[in-house]
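Participant:
Residue numbers (full-length UniProt numbering): 1 to 911.
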């Protein structure tokens, strides 16, 4: 049997009546070919005939179909991008007065006005006048206005909380957090005088990091909550349960104010579920990225009532894996109050997160309306749910995602596992049946078709592997040439460097490997498509085995192929154009999800590389992520590449890639810049400390005394980019030189997790930051028992301090006066080392606490019987406490950097 390898329908020569008009010479050649292939049962041949031109299969060449696919992919990407960025039209007060039915509508313009008032105050770090006086006064005043205008059926109660406490943050390199006099403003909305016994909580925080107005993180949500309170308080319908609004004043200091509410406020025990509002970007749509734990009904209520659903369990799994270096108050409510809830965040424009450009300029009116409309639907639905009376947390985790914001899909993990296994079995089955059918059509034996299929799988997999290996080598080249992070400036650099190269290798590898194949183009395409389906089915099976809920994305990759294969099993007559049309149609849903998830992933991960430290090769991270997302998007297009007559058709990818690479290498475009408006842009983050260090030996004599500037480089390009503007960087030494010999590297850390960013950071010798010490430390030692010592510490200093200690060999820490668990953070010289972060809100007296140590009796017989190595640091964050030398040093940093300065003192000694 012999096959024509052309662009038209496949015919079995010499076997069809319509070939009788062919020349006798051609008939003889065909008969000779048939004689060489004995044992083939011609009665079972698959008949693929010419089909008339139709709407679904126009009489185009396969090359035309491939071009159509490119156009289709580009238009689909554009449409999805527009849908992703589309926001509802914001309502104004004119809309409210124009229509009576808007009396209980969320007015985005009101929320915007609230936000402008908050950010007008400037940065609001914990302990500042802006955060402890101005912001609370503004919130109280607005809440009281709302209270006066509320409906007679609704009661509003206001509670001011000033709270102190401590807790242990359980995570990698965990630590104890101690807070003193931080504030909460708590509002309770009830339809019953005196309140109900059950309530739903909605939380925001009005504090910000130093130097940032904190418009999106998180004043935006506090503004939205004020407007939400106004609308809900005017409702003529009673709520079954109360709604508590928590405006917390200390989140950026380590989730402290929410802990104070959860553990000490009189209303905390009434909270049965919560809604937490956060941000790691500015503007756009809020995404649901954490739920539960184990409360399917929360997701069901969200899916049923919100008008603009937007969420994915993939974000939840990534966030909880620690890949995203952030945390939210969700942890406090979940781990300390043991209540379920949902967590929302805005993630667009992540470059402005925690910088001076988080000033509200990127928060457009539609963002207020989108978030407000969703909360206005969600909060009453939760408050009116009878499930709040007996919260069930036995439902297990959920799989959830939205479809272009149109509707929300959700099901339990158990259902997801069963569904994945069912589709996996069905997929493998359709592959086997399709192979059996194809084997008969092309006249191969079982072993031959197995080899052909294995070759198709290998060709596709090799294309994927070569793409990733090439990108690995490419990122090494860019890193060596100091030409990294060009994609900070524009997506086109990323597209040219990584997407074009991935598409080129994914297409050309199977194209070249199949050059000597005797199969027709159609059957090559079928085999390659089955190979791609097989690979994704294996990935689906592995993800299901490891319990990864995000495998829904792979399920969406596999299911359309299974459906199209099932349909083709009942289709006897089709040709190349029909096959290509079916492939394009069945790839629609996978493309929509692949492109949208790529947009969402890049919006989060590219800005994160801006604050991932100087050691991590972020070029490699973005390169590999680009390759993987590109493979997901184009994987079902690659089998169609066999219809391309010349490799030059796809050489456009290689050309675009090489041009981009030459531009990046030759121009070395600066990755950090300010937009022409000067209102927003990509800034290089530079945490900067002016430090005085004094380290004493066991007898109390000074062992080391120095001062200087500690520069924490937050991305890989920082060390060499800053040298041009800051000459002192050329003589800088590594900040980690004392890590092996001194407690917590002898640096004024405010969290042990900062040690993850120390490699690549610099120390520059400099003048002293203070004329006199900013720390006062007194210790009192008492013996509780012959083998127990209690050391009481009384410390006075700035509003932000850290306390570190490591018991000497043979001594163990037995307990302390903090409510937090006594758990070491790291090992220091094979000894457990503990860390306490202290934050003060309103002015207060000194910080006093004690630690108990178990001491061996023989320890008291030595000439020096110290118990513990201790370190104390204190940091000022406002310019009023900075020296003139420090202010001049800060001014040397370029305009495209965002310096977060602190002036600190550190002492280490033995007690």
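Backbone N, C-alpha and C fix where the C-beta goes; we use that ideal spot for every residue, glycine too.
As the structure is a prediction and not an experimental result, all values here were calculated from the model.
#1: Using the Cα positions of residue 506 and residue 579, report the straight-line distance between them to the nearest angstrom.
#2: Go ahead and pull the three-state DSSP assignment for residue 106.
#3: Report buried or exposed for residue 899, applying the criterion of at least 16 other Cβ atoms within 10 angstroms of its Cβ.
#4: In chain order, what residues of the same chain have a beta carbon less than 8 Å from the beta carbon of residue 697, not counting five sequence neighbours either side?
#5: Assuming contact is defined by CB atoms lying nearer than 9 Å, are residue 407 and residue 315 in contact in what I supplied?
#6: Using the beta-carbon count (16 or more within 10 Å), is residue 588 buried or exposed?
#7: Assign residue 183 to one of three DSSP states: helix, strand, or coil.
#8: State whether the segment 69-83 contacts the segment 310-328, with contact taken as three or more CB pairs (one from each stretch) at a distance under 8 Å.
#9: Spatial neighbours of residue 497 within its chain, please: CB distance less than 6 Å, with the 5 preceding and 5 following residues excluded, ordered by chain position.
#10: Between residue 816 and residue 856, which are expected to be in contact by the criterion C-beta below 8 Å, what is the C-beta distance as a whole number of angstroms?
#11: First and last residue of the beta strand (DSSP E) that includes residue 288?
#12: From what residue to what residue does the alpha helix (DSSP H) around residue 463 run?
#13: Beta-carbon within less than 7 Å of residue 565's beta-carbon, same chain only, minus the 5 sequence neighbours each way: which residues are those?
#14: Identify, in the order they occur along the chain, each residue of the same chain with its Cβ nearer than 7 Å to the Cβ of residue 259, setting aside the five sequence neighbours on each side.
#15: Can you find the residues in the same chain that come closer than 7 Å, C-beta to C-beta, to residue 905, ignoring five residues on each side of it along the sequence?
#16: Using the C-alpha atoms, what's the distance from residue 516 back to residue 30?
#17: In angstroms with no decimal places, state the Cα-to-Cα distance between residue 695 and residue 178.
#18: What is the DSSP secondary structure of residue 830, counted as helix, strand or coil?
#19: My guess is that residue 426 and residue 342 are in contact by the Cβ rule of under 8 Å, so how many angstroms apart are they, rounded?
#20: Could you name each continuous alpha helix (DSSP H) segment of 4 residues or more that falls completely within the segment 163-244, going from the start of the chain to the end?
#21: Would you tell me roughly how many angstroms separate the C-alpha atoms of residue 583 and residue 637, rounded to the nearest one?
#22: Bridge partners of residue 877, per DSSP?
#23: Apart from the five residues on each side of it in sequence, which residues of its chain come closer than 7 Å, Cβ to Cβ, to residue 486?
#24: From the beta carbon of residue 683, is the nearest beta carbon of chain B less than 9 Å away?
#25: Reducing DSSP to helix, strand and coil, say where residue 747 ends up.
#26: Is it buried or exposed, residue 338, if we count other Cβ atoms within 10 angstroms and call 16 or more buried?
#27: Please name the residue in 728, 689, 765 whose C-alpha comes closest to that of residue 747.
#28: Which first and last residues belong to the alpha helix (DSSP H) in which residue 335 is found?
#29: Helix, strand or coil: how does DSSP classify residue 735 here?
#30: What do you get for residue 901, buried or exposed, if any count of 16 or more other CB atoms within 10 angstroms of its CB means buried?
#31: Does the segment 876-888 touch the segment 831-839, meaning 3 or more C-beta pairs lie closer than 8 Å?
#32: Given this structure, state the Cα-to-Cα distance separating residue 340 from residue 212, to the nearest angstrom.
#33: For residue 305, which residues does DSSP report across the bridge?
#34: For residue 642, is the classification buried or exposed, using 16 other Cβ atoms within 10 angstroms of its Cβ as the cut-off for buried?
#35: Can you tell me whether residue 636 is helix, strand or coil according to DSSP?
#36: What does residue 687 pair with, by DSSP beta-bridge criteria?
Facilitator: In short:
#1: 20 Å
#2: coil
#3: buried
#4: 703, 910
#5: no
#6: exposed
#7: strand
#8: no
#9: 660
#10: Not quite, the Cβ-Cβ distance comes to about 20 Å (not below 8 Å), so this is no contact.
#11: 286-292
#12: 446-480
#13: 430, 434
#14: 165, 167, 332, 336
#15: 692, 770, 773, 774, 775, 873, 874
#16: Low confidence applies to residue 30: its pLDDT is 45, below 50, so where it sits in the model is not reliable enough to give any reading.
#17: 24 Å
#18: coil
#19: Actually they are not in contact, since the Cβ atoms of residue 426 and residue 342 sit about 34 Å apart, beyond 8 Å.
#20: 220-233
#21: 8 Å
#22: Paired residues: none, contrary to the question.
#23: 493, 664, 669, 671
#24: No chain B is present in this structure, which holds just one protein chain.
#25: coil
#26: exposed
#27: 689
#28: 330-335
#29: coil
#30: buried
#31: no
#32: 31 Å
#33: Answer is none; residue 305 lacks a bridge partner.
#34: buried
#35: coil
#36: 900
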